[in-house]
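Have a look at the structure below before the remarks.
Numbering (the working numbering), first residue to last: 57 to 450.
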């Protein structure tokens, strides 16, 4: 684990990023990170003001601990999960509930670490996100029920429930917000779907207001995925092999995100927003997700340096956080002045025969599938751990 401290991370880029209105969240969580004090140190030094999790992160943290891999930080340590696993096994808890108990315990503890940030920022930051079971991504009713259950289990005001921006997820977002629960809408790839997410958010606020809820207590972010767009479109550009195609490599993801911010500015200055803002509502902030660079040919801080805009969140894997602290170049707003070029870049990709709609649809489907697979791996690992203790986990 790379620990970013005052001694190892020179002041500069992270502070400038924060000064530009970008909240830095960490896209990682493990029980060992909490118990070792690493998370508290990252918070205390001001390096991060929030945490996001997803099924892949929990698979890495809990699965590695169960399997005794290096992520568990010490042979036989169990990564801090051993005692809880033993208790769950002794009670014969089914594997789905065991995983839910383990993940919500971690999120609850992380929320306690971040509580001072939450209070100091008036609820804007200091947030920890936990995602609904990804197998429910296409079931609206089950997603709503799971979101309410997770909020109840974590039982912290600074938790955010992550709901995927699938067709079934959108009405769930509205319903959960209407209950007064803060939501992180995740797996957003397309501009059209992002507008639907903002619409679902506003509808949720309107319903919450009609029910007499305090809108000032409801916060939301919209997780717009970045690097995966380049990974897919770059691959198709490489197949084309032309000079024009090569010149567009590494441009689509930034263009897509910048146009998402353009849409955000439009929606959150419109009449519908004005109506709820007067009741104390907060804007749903764009959150740049998947900001770790996948192509080693690109600068490892690309999706941070080039996506600086006020009122945004950038959730970074630890390696990206360390890279930005070490050599990030923050020169001010790198988003709002680039709308014309962004439109031109996506249009150029389309002219080469690469369908934007096809790409973003594929990425959404693959995103759900990857999280489902990660969740199943985690369930399998925990089931084996419970079974090894002599108790049937089924």
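Even glycine gets a Cβ: it sits at the ideal position worked out from N, Cα and C.
Closest Cα partner of residue i within the set the options
| i | options | result |
| --- | --- | --- |
| residue 306 | 405, 391, 369 | 405 |
| residue 316 | 328, 76, 345 | 345 |
| residue 420 | 113, 248, 293 | 248 |
| residue 393 | 379, 416, 363 | 363 |
| residue 296 | 84, 77, 252, 409 | 409 |
| residue 189 | 240, 220, 361 | 220 |
| residue 415 | 444, 329, 291 | 291 |
| residue 356 | 373, 365, 343 | 373 |
| residue 313 | 329, 331, 338, 246 | 246 |
| residue 276 | 351, 72, 293, 236 | 236 |
| residue 116 | 84, 140, 101 | 84 |
| residue 101 | 170, 153, 259 | 170 |
| residue 259 | 323, 136, 105 | 323 |
| residue 443 | 154, 179, 167, 103 | 154 |
| residue 432 | 103, 180, 179, 191 | 191 |
| residue 287 | 325, 438, 253, 354 | 354 |
| residue 72 | 103, 92, 343 | 103 |
| residue 77 | 180, 331, 201 | 180 |
| residue 70 | 218, 371, 244 | 371 |
| residue 158 | 168, 136, 177 | 136 |
| residue 218 | 365, 74, 343 | 343 |
| residue 274 | 332, 369, 311, 199 | 332 |
Through-space distance from residue j to residue i, alpha-carbon basis
| i | j | result |
| --- | --- | --- |
| residue 143 | residue 319 | 49 Å |
| residue 398 | residue 341 | 20 Å |
| residue 162 | residue 87 | 6 Å |
| residue 138 | residue 278 | 35 Å |
| residue 390 | residue 165 | 35 Å |
| residue 289 | residue 283 | 10 Å |
| residue 67 | residue 383 | Note that residue 67 has pLDDT 47, beneath the 50 cutoff, so the model's placement of it is unreliable and the number below is only indicative. Going by the C-alpha atoms only, they are around 10 Å apart. |
| residue 427 | residue 301 | 31 Å |
| residue 203 | residue 151 | 19 Å |
| residue 148 | residue 119 | 19 Å |
| residue 97 | residue 265 | 38 Å |
| residue 156 | residue 238 | 19 Å |
| residue 208 | residue 160 | 10 Å |
| residue 99 | residue 377 | 13 Å |
| residue 175 | residue 411 | 45 Å |
| residue 250 | residue 402 | 16 Å |
| residue 395 | residue 367 | 17 Å |
| residue 241 | residue 145 | 33 Å |
| residue 436 | residue 109 | 19 Å |
| residue 386 | residue 294 | 30 Å |
| residue 380 | residue 272 | 32 Å |
| residue 434 | residue 210 | 20 Å |
| residue 424 | residue 285 | 15 Å |
| residue 205 | residue 234 | 15 Å |
| residue 89 | residue 95 | 6 Å |
| residue 114 | residue 430 | 8 Å |
| residue 107 | residue 359 | 18 Å |
| residue 309 | residue 281 | 8 Å |
| residue 121 | residue 112 | 14 Å |
| residue 173 | residue 231 | 27 Å |
| residue 375 | residue 82 | 10 Å |
| residue 327 | residue 255 | 13 Å |
| residue 339 | residue 269 | 16 Å |
| residue 123 | residue 92 | 20 Å |
| residue 407 | residue 418 | 19 Å |
| residue 303 | residue 347 | 21 Å |
| residue 244 | residue 422 | 12 Å |
| residue 75 | residue 365 | 10 Å |
| residue 441 | residue 168 | 28 Å |
For residue i, the residue or residues it bridges with in DSSP
| i | result |
| --- | --- |
| residue 276 | 239 |
| residue 454 | Beyond the ends of the chain as shown, which are 57 and 450, falls residue 454; an answer cannot be given. |
| residue 79 | 369 |
| residue 343 | 279, 369 |
| residue 336 | Note: residue 336 sits in no beta bridge, so no partner. |
| residue 107 | 82, 184 |
Cβ neighbour criterion (16 or more within 10 Å) applied to residue i
| i | result |
| --- | --- |
| residue 298 | exposed |
| residue 228 | buried |
| residue 79 | buried |
| residue 262 | buried |
| residue 352 | exposed |
| residue 350 | exposed |
| residue 267 | exposed |
| residue 388 | exposed |
| residue 329 | buried |
| residue 439 | buried |
| residue 334 | exposed |
| residue 141 | buried |
Residue i beta carbon near the ligand PLP (any heavy atom closer than 6 Å)
| i | result |
| --- | --- |
| residue 213 | Of the ligands one can find in the structure shown there are none, so the ligand PLP has no counterpart to examine. |
request  = Specify whether the region 182 to 200 and the region 221 to 233 touch according to this definition: at least 3 beta carbon pairs, one from each stretch, less than 8 Å apart.
outcome  = yes
ask   = Are there three or more Cβ pairs, one per stretch, closer than 8 Å when the region 165 to 184 is compared with the region 207 to 217?
value = yes
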